[in-house]
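Line by line, the protein sequences give chains B and A.
Position 125 (the first sequence) corresponds to 1027 in the working numbering; numbering is contiguous.
Position 140 (the second sequence) corresponds to 1042 in the working numbering; numbering is contiguous.
There are 2 protein chains.
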Amino acid sequence: MSTAVLSRDAAAELDARDPLREFRERFVIDPEIVYLDGNSLGCLPVATVARLERVVAQWGGRGVRGWDEGWLELPIGVGDRLGAAALGAAPGQVAVGDSTTVCFYKLVSAALDARPGRTRIVTDLDNFPTDRYVLGDRAGGREPSDVARHVGSDTALVTFSHVSYRSAHIADMAAIDAIVDDAGALMLWDLSHSAGSVPLSLDRDHAPLAVGCTYKYLNGGPGAPAYMYVRRELQAELRQPIWGWLGRRDPFEMAPGYEPAPGMRGFLSGTPPVLALAAIDEGVRIVGEAGIERIRAKGIALTELAIALADGCLGELGVRVASPRDPARRGAHVALAHPNARELCAALIERGVIPDFRRPDVIRFGFSPLSTRFVDVWDGVDALRELLSPT
Amino acid sequence: MSTAVLSRDAAAELDARDPLREFRERFVIDPEIVYLDGNSLGCLPVATVARLERVVAQWGGRGVRGWDEGWLELPIGVGDRLGAAALGAAPGQVAVGDSTTVCFYKLVSAALDARPGRTRIVTDLDNFPTDRYVLGDRAGGREPSDVARHVGSDTALVTFSHVSYRSAHIADMAAIDAIVDDAGALMLWDLSHSAGSVPLSLDRDHAPLAVGCTYKYLNGGPGAPAYMYVRRELQAELRQPIWGWLGRRDPFEMAPGYEPAPGMRGFLSGTPPVLALAAIDEGVRIVGEAGIERIRAKGIALTELAIALADGCLGELGVRVASPRDPARRGAHVALAHPNARELCAALIERGVIPDFRRPDVIRFGFSPLSTRFVDVWDGVDALRELLSPT
Chain B
903 MSTAVLSRDA AAELDARDPL REFRERFVID PEIVYLDGNS LGCLPVATVA
953 RLERVVAQWG GRGVRGWDEG WLELPIGVGD RLGAAALGAA PGQVAVGDST
1003 TVCFYKLVSA ALDARPGRTR IVTDLDNFPT DRYVLGDRAG GREPSDVARH
1053 VGSDTALVTF SHVSYRSAHI ADMAAIDAIV DDAGALMLWD LSHSAGSVPL
1103 SLDRDHAPLA VGCTYKYLNG GPGAPAYMYV RRELQAELRQ PIWGWLGRRD
1153 PFEMAPGYEP APGMRGFLSG TPPVLALAAI DEGVRIVGEA GIERIRAKGI
1203 ALTELAIALA DGCLGELGVR VASPRDPARR GAHVALAHPN ARELCAALIE
1253 RGVIPDFRRP DVIRFGFSPL STRFVDVWDG VDALRELLSP T
Chain A
903 MSTAVLSRDA AAELDARDPL REFRERFVID PEIVYLDGNS LGCLPVATVA
953 RLERVVAQWG GRGVRGWDEG WLELPIGVGD RLGAAALGAA PGQVAVGDST
1003 TVCFYKLVSA ALDARPGRTR IVTDLDNFPT DRYVLGDRAG GREPSDVARH
1053 VGSDTALVTF SHVSYRSAHI ADMAAIDAIV DDAGALMLWD LSHSAGSVPL
1103 SLDRDHAPLA VGCTYKYLNG GPGAPAYMYV RRELQAELRQ PIWGWLGRRD
1153 PFEMAPGYEP APGMRGFLSG TPPVLALAAI DEGVRIVGEA GIERIRAKGI
1203 ALTELAIALA DGCLGELGVR VASPRDPARR GAHVALAHPN ARELCAALIE
1253 RGVIPDFRRP DVIRFGFSPL STRFVDVWDG VDALRELLSP T
């Protein structure tokens, strides 16, 4: 990289000094690939292979008795561990189960029911599509930064992604929670692109509601179920709409009439997906061991390097950094805009560099601080430079 | 068993002549246990262990590229194979994903929206609790046999279990579908206790809608996701309420505005649970290989034996057969009623016989024709006889 601000050797030197470098060995990684898409699907933890073998063997050996031996506690147990490792949530406020879409639907519905007479929902037109689709025609698009101007006495619900799936912009959670609370509305955060990469303080920031997916920085596996956070004070007031046997007080009564279980169990619906929950548990454990503050520090260093390299050698080739330049307002991925982003992504994948493409013009380089090296950042930017350089 | 109509050797002889006997080897089975709860959680197929290893390895090796290599097709692909093996459904009418509760909620909501102005929902008060909870206060209880008297021009939706989770009673699907259709209402079947044990002919019987779980006779694993069947003619008319990115026309557009994908994909919501879908695929495959008609024939033989044995030696000990005596109207489990059912179940489990208890007084002996032997039936009844016999 002739014009680089930093040589590949210098990037390798950063890896040698990285306090998290040994965590890369905790994942199954193809050495031929530069994987920059852990923000879409995180890597497979080595421990997950053995954990899945154990839970499958438990199914084989114990059959239905497994339900009395810990399976039934997984939605809340994994939720508590996730809350401690990544969400800044005290126990009893997180439940895992159902897809992100279903979790989001449940909490939107619960929030709207809890604010009768208020008709406005405020969201960000650049929010992740599934969130906008669940809101349907009720969505009105606003940037988080000017949320105060758009929230009023008719607002029932405000919902944003904490980290934008496109730009990696980080919303100011505490400030927005306060604005929304002052208006008497409820705030629902989508943490899909935050949890496991950016520290969260849901309790301290007075976040009322949140959902998020587990297969990105939490490495839960393809299509792993999502989680819901409901602040303790709200749990008795809010009622989710999908009344299944598992969310009922004493589910094994199988009695007439639905009365929700107290606490987070009342936000569950059907039978917990045991294999998937076991896999999430292992992903969450690694985040806890590494420590979210160290993960965040490395995430900033990786994105800073990517931006410095992009400025140094990609700007003149027509690539624009489309993520915030202030690291405090940027998550763990970097959006690089180019008119031919789609073709460039395909060509990068051809060369063994795996980013993803987001319409209309974004190449997203996602960095998983536990498994991405500084040389991976260098190699990714260099591959893009080569593709764009006149031959 | 002194009073038995059949000796254990005679039961072993039935096993020796069983055309499905070799299928037992396709499952992981603890030889010390008499497992009579495959109607709650089916056994682990041997092939599932290897299939899960493969899909986990694919996650590890291919990462996000797995989505382009078959993962995205799993909800409909597994659905089509399930439809062929167990539901009597031509391709393009079954989708797998979400829990049974969530699938049921989606189709209830879609059906009610499609019948505006009609206010009545008809169900069976003995229907599985989760179904009744989703319906909430709207449920009015009726037996399937007298459905015609309770369905009228104000009825939007009728929903029953095809096989009752308690008694194993089989509802007359074709007759009920015709009655409900004549009234202009929609019929929604819960197939959880049927699929994989009792042949279904959804297409031929003109069933409009169905859901069912996959972890019972389909051996999909603890908490495995459920399926929805939506008759082809209804797919464009019905709209499910949980609008996620995967159910949208061209999900990767991530464009504004939700427009459902055509066909069954429009009934999906979030990202498909890949590991769980792979496991279901293996369970479904075994059912397809064995053939649902042979499975049904053995299911009848197993329950006939259980009832004959119960009549022969348990009746005088206070046990009443609480399942239909007509095998044509009985699924693959047998309900044995006794005032001390709860304690008896616990004592059976202590002895290595695994049934389950259903309030208030039912011991449920579930037979999975692919893995349950005639001697298991004999041993289960004999263990109960011993427990009840005066010492």
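Where is the CB? At the ideal position from N, CA and C, for every residue including glycine.
Rounded distance between the beta-carbons of residue j and residue i, thought under 8 Å
i, j, result
"residue 1267(A)", "residue 938(A)", "5 Å"
"residue 962(A)", "residue 958(B)", "Incorrect: roughly 16 Å between the Cβ atoms, too far for contact."
"residue 972(B)", "residue 1095(B)", "Wrong, their Cβ atoms sit about 31 Å apart, outside the cutoff."
"residue 1118(A)", "residue 922(A)", "That belief does not hold up - the Cβ atoms of residue 1118(A) and residue 922(A) are roughly 18 Å apart, past 8 Å."
"residue 1272(B)", "residue 1197(B)", "7 Å"
"residue 1070(A)", "residue 1240(A)", "Not a contact, Cβ separation roughly 17 Å."
"residue 1223(B)", "residue 1238(B)", "6 Å"
"residue 1058(A)", "residue 1088(A)", "7 Å"
"residue 997(A)", "residue 1280(A)", "Between residue 1280(A) and residue 997(A) the Cβ distance is about 41 Å, and since that is not below 8 Å, they are no contact."
"residue 1174(A)", "residue 1125(B)", "5 Å"
Own chain partners of residue i with C-beta closer than 7 Å, once the 5 adjacent residues on each side are dropped
i, result
"residue 947(B)", "928, 929, 1121, 1184, 1185 and 1188"
"residue 1000(A)", "1127, 1128 and 1171"
"residue 1192(A)", "922, 925 and 1272"
"residue 1016(B)", "1088, 1139 and 1140"
"residue 1040(A)", "Only weak support is given to the placement of residue 1040(A): the predicted model assigns it a pLDDT of 48, under 50, and the question is left unresolved by the model."
"residue 1243(B)", "1259, 1263, 1264 and 1265"
"residue 910(B)", "1277 and 1280"
Contacting residues, own chain, Cβ-Cβ under 6 Å from residue i (five flanking each side not counted)
i, result
"residue 1005(A)", "1113, 1128 and 1130"
"residue 950(A)", "1181 and 1184"
"residue 1168(A)", "1149 and 1162"
"residue 1134(B)", "995"
"residue 1115(A)", "1002, 1094 and 1128"
"residue 1061(B)", "1025 and 1090"
Delimiting residues of the alpha helix (DSSP H) encompassing residue i
i, result
"residue 978(A)", "976–984"
"residue 1203(A)", "1194–1215"
"residue 1057(B)", "First-last for residue 1057(B): 1057–1063, but that is the beta strand (DSSP E), not the alpha helix (DSSP H)."
"residue 1140(B)", "Neither: residue 1140(B) is in no alpha helix (DSSP H) and is coded neither H nor E."
"residue 1075(A)", "1075–1084"
"residue 1259(A)", "Here residue 1259(A) belongs to no alpha helix (DSSP H); instead the beta strand (DSSP E) covers 1258–1260."
"residue 1221(B)", "Note, residue 1221(B): premise wrong, no alpha helix (DSSP H); not H, not E."
"residue 913(A)", "910–919"
"residue 1016(A)", "1002–1016"
"residue 957(A)", "948–964"
"residue 1279(B)", "1276–1290"
"residue 1053(A)", "Run containing residue 1053(A): none; DSSP gives neither H nor E here."
Extent of the continuous beta strand (DSSP E) run through residue i
i, result
"residue 1268(A)", "1264–1268"
"residue 1025(B)", "1022–1025"
"residue 1239(B)", "1235–1239"
"residue 1111(A)", "1111–1114"
"residue 1091(A)", "1088–1092"
"residue 1129(B)", "1129–1132"
Residue i: contacting residues in chain B (beta-carbon distance under 8 Å)
i, result
"residue 945(A)", "962 and 965"
"residue 1320(A)", "Not covered by the structure: residue 1320(A). The range shown for chain A is 903 to 1293."
Within chain B, partners of residue i - CB distance below 9 Å
i, result
"residue 939(A)", "965, 966 and 967"
"residue 1155(A)", "1031 and 1261"
Partner residues on chain A for residue i, Cβ-Cβ distance less than 9 Å
i, result
"residue 1256(B)", "965, 966 and 967"
Cross-chain neighbours of residue i in chain A, by beta carbon under 8 Å
i, result
"residue 1178(B)", "1125, 1175, 1177 and 1178"
"residue 942(B)", "966"
Neighbour list for residue i in chain A, Cβ cutoff strictly below 7 Å
i, result
"residue 1198(B)", "Those within 7 Å of residue 1198(B) in chain A number zero; the least Cβ separation is about 23 Å."
"residue 1007(B)", "1144"
"residue 954(B)", "954 and 958"
"residue 973(B)", "1124"
"residue 951(B)", "958"
"residue 930(B)", "962"
Listed by chain order, chain B residues near residue i by CB distance under 7 Å
i, result
"residue 1172(A)", "1001, 1002, 1003, 1004 and 1032"
"residue 1018(A)", "What residue 1018(A) touches in chain B: nothing, since even the nearest Cβ is about 18 Å away."
Chain-order list of residues whose beta-carbon lies under 8 Å from that of residue i (same chain, five-residue window excluded)
i, result
"residue 936(A)", "1254, 1255, 1256, 1278, 1281, 1282 and 1285"
"residue 1230(A)", "1072"
Pairs of beta-carbons, one from the region 1246–1258 of chain B and one from the region 1063–1081 of chain B, closer than 8 Å: are there three or more? Taking 8 Å as the limit for Cβ pairs, the verdict is that the region 1063–1081 of chain B does not touch the region 1246–1258 of chain B.
I want to know whether the region 1008–1019 of chain A touches the region 1138–1155 of chain A - three or more CB-CB distances under 8 Å. Yes: at least three Cβ pairs fall under 8 Å.
Take every Cβ of the region 1098–1112 of chain A, pair it with every Cβ of the region 973–992 of chain A, and state whether three or more of those distances are shorter than 8 Å. Contact holds between the region 1098–1112 of chain A and the region 973–992 of chain A, because three or more Cβ pairs, one in each stretch, are under 8 Å apart.
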